[in-house]
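Structure record follows, encoded as structure tokens.
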Amino acid sequence: MRTVLDPTGERQAPGRALLPRPVALEGRTVGLLDISKARGDVVLDRLEQLLTADGAHVRRYRKPTFARPAPVDLRHEIAEQCEVVIEALAD
Amino acid sequence: MGATVGCVRLPDGLVAVVKRDCPTCVLVEPVLRALGAAVWCQDDAAWFDGDDTNLELSYRLGIETVPTLLRVRAGVETARVVGWSREQWEQLTGVSGLGPALPDHRPGCGSLSVDPFRIDGLEARYGVSGLSSRRVELADAEDEHEALFDRGWTDGLPVVPPTPERVLRMLRGTTRDPREVVAVVPPDLVECTVEKVAVNAVMAGCLPEYLPVVLAALEAATSEEFALHGLLATTHFAGPVVIVNGPVAARIGMNSGVNALGQGNRANATIGRALQLVVRNVGGGRPGEVDRAAMGNPGKYTFCFAEREEDSPFPPLAADRGVAGDAVTVVAGSGVQPVVDQLSRDPESLARTLAACLRVNAHPKLPVAWDALLVVSPEHGRVFREAGWDRGRLLAELERLLLLPAAELVRGAGGMAEGVPDSMAGRELPKFRPGGLLVAHAGGPAGLFSAIVGGWVGGETGSVPVTREVRT
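Chains A and B, in that order, give the protein sequences.
Sequential numbering from 113 applies to the first sequence in this note's numbering.
Sequential numbering from 937 applies to the second sequence in this note's numbering.
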């Protein structure tokens, strides 16, 4: 029998159940996160129009740069203020 | 009474460890038999009653020399002598007139349990090795290389199975504690110990003497300003490129000469690969998961070379960046763009060639944002050296040549939609942000070529090159 050492981080991520998907967005607070990629605002502007027309409350957020993870304060702010988040990743 | 040492029960009284290959052990055989000592032999299971051919007892007792004679009382070793000395043996045993035909004194031989080729295996098997990584047992019927592919631990090429013996040997390459946390590795933000780096360095094919360079490269790559998370996650091509400076490069046999950016040198190949395996295995950064590169580049297997410091027109790159001596510099890079200029013999002409080729980095109409690494070959370097141009002089010249009129860069100019907003028109824009162009010297003695390694988004919004000292 041969033994090798595990090269991974041996991380046991805690399992978390997803929240139930909302049936409708009317009256909900929806966060739109712009990751600061070029023209990400184009799709988010349009989404804001559509969501507002559907009766959702829209809040806008922006990462300082797409090249780094969102700051922890921003993530906390979104989690506190929103029930749903849409993130614009694309160029 | 007696003591249990590993799997071995040591009786009270006299205990000896011998090796048949040792002339002193052969010499004292009649003395040991006359004393009625319990004797374990390291290399011949049939010589005495005790069989220590697996060296467990020798290892656990810390035997360095054979013969070693011990006195055990109530399960505890109370006295020990090594080699043959009538006086010492008589003192330990309390028996006089031992071995009257023997010389008074004869030194012993080295114990097999401290043999350099065996010590790592013994430490892994019996020692308090300090290794804390999970041990994964492979089934007898399992091909060990396939087993590592199956577990998702490789970059697509075979890896060296990281057995405890090999990892212990790797750890001898550094004085650092295996439990020391070297880095927090993205994307999973996992604390990575020296031991985990060693496991991945074994897999990459490193020798122990490379480990300090791998550790320094990981420290540099995981520093905040390098933005490794974003570099991994980007749809862009780039990955970390490692440049090594200082005497360590030659000492571990790195290549800074012929084919320096290519294949064939173990240190170059495996140091860069070890860094990538740490990101993959410890950080959880895998292609198609968090690594979203549209195409990637072959350098994401490994991209590491030493700067050619001899006959360079420039001071060592790391020294110019504030770290003299043994150091690594990591920079985001995306493969190699060849620069050919076989006619320029004066630095002004050659600088114009380099500027013209650097201008197309990322896109000829995109200024400021995208970094690059310029690797000047010895034959191009000679032109600068003979003219007395150092790195600062060359960079100043390139900066001047790469100040671009925005009219040529605005969106739509030249029939190309890509470019800067119209609001910039009328300005002059630098191709590279300050510090966004690195210049190194490497390559073989023949070939009037240089290389541009296109970078990634630089500066505060992207990745900044990082230089770190290589510590032992």
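We treat Cβ as the ideally placed atom computed from N, Cα and C, and that holds for glycine.
Residues bridged to residue i [DSSP beta-bridge criterion]
i	result
N1181 (chain B)	B:A1263
P1433 (chain B)	The question about residue 1433 (chain B) has no answer, for chain B in this structure spans 937 to 1408.
V1008 (chain B)	B:G949 and B:E1013
I198 (chain A)	A:L144
S1047 (chain B)	Note: S1047 (chain B) sits in no beta bridge, so no partner.
W1306 (chain B)	B:V1393
I1388 (chain B)	B:Q1273 and B:L1310
V135 (chain A)	According to DSSP, which records beta bridges pairwise, V135 (chain A) is partnered with nothing at all.
L1067 (chain B)	Bridge partners of L1067 (chain B): none, in fact.
T115 (chain A)	B:E1073
P1176 (chain B)	B:A1268
S1159 (chain B)	Its beta-bridge partners do not exist; DSSP assigns none.
Close-in-space but distant-in-sequence residues of the same chain around residue i (CB under 6 Å, 5 per side omitted)
i	result
D1227 (chain B)	L1168 and G1221
E1000 (chain B)	S1047 and V1050
Same chain, Cβ closer than 8 Å to residue i, neighbours up to 5 away in sequence not counted
i	result
E160 (chain A)	L144, V170 and R172
R1281 (chain B)	V1319
Q1024 (chain B)	V1017
R1102 (chain B)	D1056, V1096 and V1138
R1022 (chain B)	L1034, G1035, L1038, D1040 and H1041
Same chain, Cβ closer than 7 Å to residue i, five either side skipped, listed in chain order
i	result
E192 (chain A)	none
L1028 (chain B)	L1005, R1007, A1015 and V1017
A168 (chain A)	L137, E138, R140 and V142
L963 (chain B)	W1020, L1038 and R1042
G1129 (chain B)	A small correction: the amino acid at residue 1129 (chain B) is Thr; Gly does not occupy that position in the sequence shown. Contacts found: P1114, R1115, E1116, V1117 and V1118.
F1422 (chain B)	Since the first residue of chain B shown is 937 and the last is 1408, residue 1422 (chain B) is not available in this structure.
V1375 (chain B)	F1250, L1310, V1312, R1327, L1330 and L1331
T1171 (chain B)	R1228, A1229 and A1230
A1291 (chain B)	L1334, L1337 and L1338
V1121 (chain B)	C1128, T1158, V1214, V1215, V1218 and G1219
R1054 (chain B)	L991 and L1048
Best match in the options for proximity to residue i [C-alpha to C-alpha]
i	options	result
N1195 (chain B)	B:F1173, B:P1183, B:E1127 and B:V1311	B:V1311
C1142 (chain B)	B:L1104, B:G1046, B:R1244 and B:L1074	B:L1104
A1342 (chain B)	B:K1367, B:R1061, B:W1325 and B:R1329	B:K1367
E1116 (chain B)	B:A1157, B:S1068 and B:E1080	B:S1068
P1144 (chain B)	B:G1189, B:E1225 and B:A1083	B:G1189
H1165 (chain B)	B:P1223, B:I1179 and B:N1191	B:P1223
G1219 (chain B)	B:G1044, B:P1357, B:P947 and B:L1125	B:L1125
P947 (chain B)	B:D957, B:C961 and B:A974	B:A974
G1380 (chain B)	B:V1072, B:P1252, B:T940 and B:E1243	B:E1243
V1150 (chain B)	B:A1210, B:E1127 and B:D1256	B:A1210
Y1062 (chain B)	B:F1241, B:V1138 and B:S994	B:S994
V1275 (chain B)	B:S1386, B:E1101, B:E1160 and B:W1392	B:S1386
P1234 (chain B)	B:A1260, B:R1216, B:A1287 and B:G1198	B:G1198
A952 (chain B)	B:T940, B:R969 and B:G942	B:R969
E1364 (chain B)	B:M1352, B:A1260, B:E1396 and B:V1346	B:V1346
Y1146 (chain B)	B:K1132, B:R1087 and B:A1185	B:A1185
Extent of the continuous beta strand (DSSP E) run through residue i
i	result
A1119 (chain B)	V1117 to V1121
R1071 (chain B)	R1071 to L1074
Y1062 (chain B)	Note, Y1062 (chain B): premise wrong, no beta strand (DSSP E); alpha helix (DSSP H) at I1055 to Y1062.
S1242 (chain B)	Sequence inspection shows Ala at residue 1242 (chain B); the Ser mentioned does not correspond to that position. C1240 to A1242 is the span of the beta strand (DSSP E), which, as asked, contains A1242 (chain B).
V154 (chain A)	Looking at the DSSP string, V154 (chain A) is not in any beta strand (DSSP E); the run it does join, the alpha helix (DSSP H), is G152 to A165.
T1206 (chain B)	First-last for T1206 (chain B): R1202 to N1217, but that is the alpha helix (DSSP H), not the beta strand (DSSP E).
Y1237 (chain B)	No beta strand (DSSP E) contains Y1237 (chain B), which DSSP labels as neither H nor E.
L1034 (chain B)	First-last for L1034 (chain B): undefined, no H or E at that position.
V1194 (chain B)	From DSSP, V1194 (chain B) is part of no beta strand (DSSP E); its letter is neither H nor E.
H1299 (chain B)	No beta strand (DSSP E) contains H1299 (chain B), which DSSP labels as neither H nor E.
R171 (chain A)	H169 to R174
Limits of the unbroken alpha helix (DSSP H) element including residue i
i	result
R1404 (chain B)	First-last for R1404 (chain B): V1402 to E1405, but that is the beta strand (DSSP E), not the alpha helix (DSSP H).
P1283 (chain B)	P1283 to R1295
Q193 (chain A)	V184 to Q193
H1165 (chain B)	L1164 to A1169
L1253 (chain B)	L1253 to D1256
L1084 (chain B)	E1080 to D1086
Cβ of residue i within 7 Å of any chain E Cβ
i	result
P126 (chain A)	In the structure shown, chain E does not exist; the protein chains are A and B.
List in chain order: all unbroken beta strand (DSSP E) runs of 3+ residues lying wholly within the stretch 1316–1377 of chain B.
-> 1339–1341, 1364–1366 and 1373–1377
Residue ranges of each beta strand (DSSP E) within the stretch 954–1032 of chain B, 3 or longer | 974–977, 1004–1009 and 1012–1018
Segments of 3+ residues assigned as beta strand (DSSP E) that fall wholly inside the stretch 1093–1155 of chain B = 1117–1121 and 1126–1129
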